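There are 2 protein chains.
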Amino acid sequence: MTPGDIAGFYAKRGDLNPEDYIELDFTFECAGDPREAAAHLCSEQSTAQWRRVGVDEDFRPRFAAKVLDLESEPRPSGFSIPVECAVQGPVHAVRATIAHPHGNFGPRIPNLLSAVCGEGVFFSPGIPLIRLQDIRFPDSYLAAFEGPRFGVAGLRERLQAFGRPIFFGVIKPNIGLPAEPFAELGYQSWLGGLDIAKDDEMLADVDWCPLSERAAALGEARLRAERETGVPKIYLANITDEVDRLAELHDLAVAKGANALLINAMPVGLSGVRMLRKHATVPLIAHFPFIAAFSRLSGYGIHSRVLTRLQRLAGFDTVIMPGFGSRMMTPEHEVLDCVRACLEPMGHIKPCLPVPGGSDWAGTLEGVYRKVGSVDFGFVPGRGVFGHPMGPRGGAASIRQAWDAISQGIPLAQHALAHAELHAALEAFGRRA
Amino acid sequence: MTPGDIAGFYAKRGDLNPEDYIELDFTFECAGDPREAAAHLCSEQSTAQWRRVGVDEDFRPRFAAKVLDLESEPRPSGFSIPVECAVQGPVHAVRATIAHPHGNFGPRIPNLLSAVCGEGVFFSPGIPLIRLQDIRFPDSYLAAFEGPRFGVAGLRERLQAFGRPIFFGVIKPNIGLPAEPFAELGYQSWLGGLDIAKDDEMLADVDWCPLSERAAALGEARLRAERETGVPKIYLANITDEVDRLAELHDLAVAKGANALLINAMPVGLSGVRMLRKHATVPLIAHFPFIAAFSRLSGYGIHSRVLTRLQRLAGFDTVIMPGFGSRMMTPEHEVLDCVRACLEPMGHIKPCLPVPGGSDWAGTLEGVYRKVGSVDFGFVPGRGVFGHPMGPRGGAASIRQAWDAISQGIPLAQHALAHAELHAALEAFGRRA
Chain A
1 MTPGDIAGFY
11 AKRGDLNPED
21 YIELDFTFEC
31 AGDPREAAAH
41 LCSEQSTAQW
51 RRVGVDEDFR
61 PRFAAKVLDL
71 ESEPRPSGFS
81 IPVECAVQGP
91 VHAVRATIAH
101 PHGNFGPRIP
111 NLLSAVCGEG
121 VFFSPGIPLI
131 RLQDIRFPDS
141 YLAAFEGPRF
151 GVAGLRERLQ
161 AFGRPIFFGV
171 IKPNIGLPAE
181 PFAELGYQSW
191 LGGLDIAKDD
201 EMLADVDWCP
211 LSERAAALGE
221 ARLRAERETG
231 VPKIYLANIT
241 DEVDRLAELH
251 DLAVAKGANA
261 LLINAMPVGL
271 SGVRMLRKHA
281 TVPLIAHFPF
291 IAAFSRLSGY
301 GIHSRVLTRL
311 QRLAGFDTVI
321 MPGFGSRMMT
331 PEHEVLDCVR
341 ACLEPMGHIK
351 PCLPVPGGSD
361 WAGTLEGVYR
371 KVGSVDFGFV
381 PGRGVFGHPM
391 GPRGGAASIR
401 QAWDAISQGI
411 PLAQHALAHA
421 ELHAALEAFG
431 RRA
Chain B
1001 MTPGDIAGFY
1011 AKRGDLNPED
1021 YIELDFTFEC
1031 AGDPREAAAH
1041 LCSEQSTAQW
1051 RRVGVDEDFR
1061 PRFAAKVLDL
1071 ESEPRPSGFS
1081 IPVECAVQGP
1091 VHAVRATIAH
1101 PHGNFGPRIP
1111 NLLSAVCGEG
1121 VFFSPGIPLI
1131 RLQDIRFPDS
1141 YLAAFEGPRF
1151 GVAGLRERLQ
1161 AFGRPIFFGV
1171 IKPNIGLPAE
1181 PFAELGYQSW
1191 LGGLDIAKDD
1201 EMLADVDWCP
1211 LSERAAALGE
1221 ARLRAERETG
1231 VPKIYLANIT
1241 DEVDRLAELH
1251 DLAVAKGANA
1261 LLINAMPVGL
1271 SGVRMLRKHA
1281 TVPLIAHFPF
1291 IAAFSRLSGY
1301 GIHSRVLTRL
1311 QRLAGFDTVI
1321 MPGFGSRMMT
1331 PEHEVLDCVR
1341 ACLEPMGHIK
1351 PCLPVPGGSD
1361 WAGTLEGVYR
1371 KVGSVDFGFV
1381 PGRGVFGHPM
1391 GPRGGAASIR
1401 QAWDAISQGI
1411 PLAQHALAHA
1421 ELHAALEAFG
1431 RRA
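Okay, structure coming up:
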């Protein structure tokens, strides 16, 4: 590129109409001049300097992505991750913010993904390593999306659960049980105090535990638990399946008694979720398979908060995400980025409930609460409820007892003296903490 | 895990019914004992050793994934990619083949992806770095899928193009032109000898170039080109959009004159593609946005051939993929892996046409042909046709002239002496080669 070519891919924020652009934060490592590399990145992800042969034209003013900010520093040690590529030159680590004109593709999730996570971003000359760190949408773009139907407030209303976290549990054994014994586990966990008993994200509409039987058994168990406890409960059924079955499985599961639905967002596709959102009458909860495949590394791929924002945009009321602690291999700052992406303002799009999960039990609740910094989160043990020595009822009770202690400022060990379930949890799981 | 726990996640291939399992090849780096790490990997991706409290049960014989083969070697230098994780212990590089019982989830793409690219794979204890290298399906699993309707043979039949590569071209400028001048470029490229003029993968159903107008203009131009050349042509329209618009856009584009359709596979979601395949009456062509985000690195993510296989399974007749040369940052062996994944036997699923693309022009055709080793591929220049100094008609002609030279064993430079378009291509693009 000539200096003039490069300059055409740079702009000042004040010179652009912010409603016409989404903003993208990238970090990348390039070989060669960072300023030229960022111009290529804009060119590749929008319109290159194409002109028809024999025609004097320039599509950049309207159609090009443009660099707004650029910072770089040399990396004398070279690329931070080994890559097979032929680019030569001194390596720089770069931060760039780019304005991308959304009129190029419109308010369509697949076309948005193609533009900001596509060939143009990951095959830009001189940039073998790049990570999309964040994305911001103007209100004009958000206006075309419905977002969550219920959101945090709607979910709390349904559960009549205010001023505290929402207590989920993943029914275990996750795979292998037929509907009736599986439902019994959910029933016991509701009696113990869970708000939401859920299918594992791996549990599909399979012949050894068909969704119709499972939803019927859990739906009936839920009604019994609601009668016995006097409070609303949710059975969260996993309807992850081919997109052309989602509406049918929604109707089936809801008719049988499921009152929220789990969908593995990326395996189904965010567009399929947006389609389901138009049809759905119950809260939609996202699970996170496939996301780590492109979000785990700090130097390559897509930051998981981008996917959190997109899941909220697509209409999820709740986003389950890898949580705190070494088990989920996600740095604390990144978990918090994802939590904020659920809750912070996003035009007219409602907040959704963040559920940072992974190897939780009564003893990890306070740490999650302190880190999140508010009660607007979901807590989702598996073993901590269903592997509790007193069974799922005792396991759920241990979680609620832990919350009682936390909210009253009583140390867990002290509260456990008078609460057998919490005591048993500390005995069984405490050594791992 | 105890030695007994670990042993329950190992099996001999001969002791399993191969029709009940898909096979997965992984490479990973682990901290600690590789044999235990591989057992965890099986446990996490299928059923852990869950048992109900007070019940003596073991779901592993039927529901567990099982290690078939394991090789490991120490990595005294530690992990090959920096990772934030707390696992400690000597690092090993491991290759493992795992049999995963597909009855756990059934012949559903989202549930397959959840199992083999999901939480269980990317959050397995002690394994911060892992790459799914390959996947193999038994006929019992493939039987539930239709695969491509046309495949390589069907596409050749439609084009009456036998014994040679299929010549595509990406109409450029890719973004910004209204329908009429855009169609004129396609028309010229067909007259010059292209089989298939295509929309860029970034070109959506946008207000400045609506699909209905574009398909009508290109459809009309295609019929004129067919009349004038006497051979069939294809206008490949990009209908990438929200999944609930795919069938409608298929019908619209085909009614107006498009006779093949481009879909960005991962942004739309493979399940959305499988849905469209049931409806479609024309060949479906995949483009590759988003895939590099998880396939670029040799030490983490998912090998792109896995996605090639899944795109074929979902029903694509053609898979466009990053091709040869440093521009596309993909090692040659990996491009060839993807080419083979299109063409090699896959039960009753038809072969699909591989199109390894990236910065191609007349001068790169022979190299691609030699590397692929057969004529069963597509060749997809952008600039090499539409940036040719004599325009797209000359650009397309230069490609066909190059093929004539190759198939007759004549050096390009010699053939160019009597063929102005090839000569101009060598002059314009040759210096970059």
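Which chain is which? The protein sequence lines are A and B, in order. Using this note's numbering, the first residue of the first sequence is number 1, and each one after it goes up by one. Using this note's numbering, the first residue of the second sequence is number 1001, and each one after it goes up by one. Backbone N, C-alpha and C fix where the C-beta goes; we use that ideal spot for every residue, glycine too. Because the structure is a prediction, the values reported are computed rather than measured.
Ignore the nearest five residues each way along the sequence and tell me which others in GLY147 of chain A's own chain have a CB closer than 7 Å to its CB. Within the first sequence, the letter at position 147 stands for residue 147 of chain A. Counting only Cβ-Cβ distances below 7 Å, and skipping sequence neighbours, we find ARG312, LEU313, GLY315, ILE349, LYS350.
Looking at the unbroken beta strand (DSSP E) that takes in GLN133 of chain A, where does it start and where does it end? If you number the first sequence from 1, residue 133 of chain A lands on position 133. Unbroken beta strand (DSSP E) run through GLN133 of chain A: 129–136.
Residues in the same chain with beta-carbon distance under 7 Å from PRO1232 of chain B, minus the five sequence neighbours each way, listed in chain order, please. Locating residue 1232 of chain B in the second sequence gives position 232, counting from the first residue. ARG1158, LEU1159, GLN1160, GLU1226, listed in sequence order.
Assign LYS1198 of chain B to one of two classes, buried (16 or more other C-beta atoms within 10 Å of its C-beta) or exposed (fewer than that). The residue you call residue 1198 of chain B lines up with position 198 of the second sequence. Buried: at least 16 other Cβ atoms inside 10 Å.
Out of A:SER271, A:ASN259, A:HIS102, point me to the one whose CA is closest to ARG222 of chain A's CA. Indexing the first sequence from 1 puts residue 222 of chain A at position 222. Comparing Cα-Cα distances from ARG222 of chain A to each of A:SER271, A:ASN259, A:HIS102, the minimum goes to A:ASN259.
Spell out whether any CB of chain B is found under 8 Å from the CB atom of GLU421 of chain A. Counted from its first residue, the first sequence places residue 421 of chain A at position 421. Cβ-Cβ to chain B under 8 Å: no for GLU421 of chain A.
Span separating the alpha-carbon of VAL1094 of chain B from that of ALA1418 of chain B: Along the second sequence, read from residue 1 onward, the residue named residue 1094 of chain B stands at position 94. Along the second sequence, read from residue 1 onward, the residue named residue 1418 of chain B stands at position 418. Using only the alpha carbons, I get a separation of about 56 Å.
Please compile the residues from chain A whose C-beta is within a distance smaller than 7 Å of the C-beta of PHE1122 of chain B. As a first step, residue 1122 of chain B is located in the second sequence; it is residue number 122 there, counting from the start. Those within 7 Å of PHE1122 of chain B in chain A are ALA292, ALA293, ARG296.
Output yes if chain B places a C-beta closer than 8 Å to the C-beta of TYR300 of chain A; else output no. Here the question's residue 300 of chain A lines up with position 300 in the first sequence. It does: the Cβ of TYR300 of chain A has a partner Cβ on chain B nearer than 8 Å.
Looking only at its chain, what residues have a beta carbon closer than 7 Å to the beta carbon of ILE1291 of chain B, apart from the 5 residues adjacent to it on each side? Position 291 of the second sequence, counting from 1, holds the residue named residue 1291 of chain B. So the list reads MET1266, SER1304, LEU1307, once near-sequence residues are dropped.
Secondary structure of ASN1264 of chain B, DSSP reduced to three states: Taking the second sequence and counting its residues from 1, one reaches residue 1264 of chain B at position 264. Note: ASN1264 of chain B maps to strand in three-state DSSP.
Is the CB of ASP1244 of chain B under 8 Å away from at least one CB in chain A? As a working mapping, residue 1244 of chain B is identified with position 244 in the second sequence. Interface residue, yes.
Between the C-alpha atoms of TYR1021 of chain B and PRO210 of chain A, what's the straight-line distance to the nearest angstrom? On the second sequence, position 21 is the one that residue 1021 of chain B refers to. On the first sequence, position 210 is the one that residue 210 of chain A refers to. Taking the straight line from one Cα to the other gives about 20 Å.
Would you check if there are 3 or more beta carbon pairs closer than 8 Å linking the segment 139–155 of chain A to the segment 1001–1020 of chain B? no
List the residues that DSSP assigns as beta-bridge partners of LEU284 of chain A. One-based indexing of the first sequence puts residue 284 of chain A at position 284. Note: LEU284 of chain A sits in a beta bridge opposite A:LEU261.
With DSSP run on the structure shown, which of helix, strand or coil describes GLU228 of chain A? The sequence position of residue 228 of chain A within the first sequence is 228, counting from 1. Residue state, collapsed to three classes: helix.
Residue from B:VAL1380, B:LYS1371, B:GLY1272, B:ARG1327 whose Cα sits closest to the Cα of THR1318 of chain B: Position 318 of the second sequence, counted from the start, is the residue given in the question as residue 1318 of chain B. Ranking the options by Cα distance to THR1318 of chain B, first place goes to B:VAL1380.
Chain B contact for VAL206 of chain A (CB, 8 Å cutoff): Mapped onto the first sequence, residue 206 of chain A falls at position 206. It does; some Cβ of chain B falls within 8 Å.
I need the straight-line Cα distance from ARG1245 of chain B to ALA280 of chain A, nearest angstrom please. Residue 1245 of chain B sits at position 245 when you count from the first residue of the second sequence. Residue 280 of chain A sits at position 280 when you count from the first residue of the first sequence. Those two C-alpha atoms are separated by around 18 Å.
Return the first residue and the last residue of the beta strand (DSSP E) that GLY357 of chain A is part of. For the purposes of this step, residue 357 of chain A is identified with residue 357 of the first sequence, where counting begins at 1. Element bounds for GLY357 of chain A: 353–357.
Distance check for ARG296 of chain A and ALA1413 of chain B, CA to CA, integer angstroms please. In the second sequence, the residue the question calls residue 1413 of chain B occupies position 413. In the first sequence, the residue the question calls residue 296 of chain A occupies position 296. Taking the straight line joining both Cα atoms gives about 49 Å.
Taking Cβ positions only, does PRO1289 of chain B come closer than 8 Å to chain A? Mapped onto the second sequence, residue 1289 of chain B falls at position 289. Cβ-Cβ to chain A under 8 Å: yes for PRO1289 of chain B.
Measure from the C-beta of ASN104 of chain A to each C-beta in chain B and report whether the shortest distance is under 8 Å. Residue numbering aside, residue 104 of chain A sits at position 104 when the first sequence is read from its first letter. True, the Cβ-Cβ gap to chain B drops below 8 Å.
Could you tell me which uninterrupted alpha helix (DSSP H) segments, each at least 4 residues in length, are contained entirely in the segment 1357–1386 of chain B, listed from first to last along the chain? 1365–1372, 1383–1386
Strictly below 9 Å CB to CB, what residues from chain B border PRO18 of chain A? The count along the first sequence starts at 1 and reaches residue 18 of chain A at position 18. Residues of chain B passing the Cβ test: none, with the nearest at roughly 20 Å.
Is LYS1066 of chain B close to chain A, meaning its C-beta is less than 8 Å from at least one C-beta of that chain? On the second sequence, residue 1066 of chain B is found 66 positions in, with the first residue counted as 1. Not an interface residue.
Neighbour-count burial assignment, GLN45 of chain A, 16 or more Cβ in a 10 Å radius: Position 45 of the first sequence, counting from 1, holds the residue named residue 45 of chain A. Buried.
Give the single residue among A:VAL243, A:MET346, A:VAL375, A:GLY347 whose Cα lies nearest to the Cα of VAL355 of chain A. Here residue 355 of chain A corresponds to residue number 355 of the first sequence, with the count starting at 1. Among A:VAL243, A:MET346, A:VAL375, A:GLY347, the Cα nearest to that of VAL355 of chain A belongs to A:VAL375.
Boundaries of the alpha helix (DSSP H) in which LEU194 of chain A is found, first to last residue: Taking the first sequence and counting its residues from 1, the one referred to as residue 194 of chain A is at position 194. Unbroken run through LEU194 of chain A: none, as it is neither H nor E.
Considering only the alpha carbon of each residue, which of A:LEU252, A:ILE302, A:PRO173 lies closest to VAL385 of chain A? For the purposes of this step, residue 385 of chain A is identified with residue 385 of the first sequence, where counting begins at 1. Nearest C-alpha to VAL385 of chain A: A:PRO173.
Hey, out of B:ASN1104, B:GLY1395, B:ALA1425, whose CA is closest to GLU1191 of chain B's CA? Taking the first residue of the second sequence as position 1, residue 1191 of chain B is located at position 191. The question names Glu, but residue 1191 of chain B in the sequence shown is Leu. The shortest C-alpha separation from LEU1191 of chain B is found at B:GLY1395.
Backbone CA spacing between HIS100 of chain A and GLY8 of chain A [nearest angstrom]: Taking the first residue of the first sequence as position 1, residue 100 of chain A is located at position 100. Taking the first residue of the first sequence as position 1, residue 8 of chain A is located at position 8. Roughly 14 Å between the two C-alpha positions.
Have a look at B:LEU1068, B:PHE1028, B:TRP1050 and flag the residue whose alpha-carbon is nearest the alpha-carbon of SER1455 of chain B. With chain B covering 1001 to 1433 only, the question about residue 1455 of chain B has no answer from this structure.
With DSSP as the reference, label SER1124 of chain B as helix, strand or coil. The residue labelled residue 1124 of chain B in the question sits at position 124 within the second sequence. In this structure, SER1124 of chain B counts as coil in the three-state DSSP scheme.
Contact check, LEU984 of chain B vs ARG1035 of chain B, beta carbons under 8 Å: Only positions 1001 to 1433 of chain B appear in this structure, which leaves residue 984 of chain B out of reach.
Is ALA1420 of chain B closer than 8 Å to PRO1389 of chain B when the C-beta atoms are compared? Here residue 1389 of chain B refers to the residue found at position 389 when the second sequence is read from its first residue. Here residue 1420 of chain B refers to the residue found at position 420 when the second sequence is read from its first residue. Their beta carbons are not under 8 Å apart, which means PRO1389 of chain B does not touch ALA1420 of chain B by this criterion.
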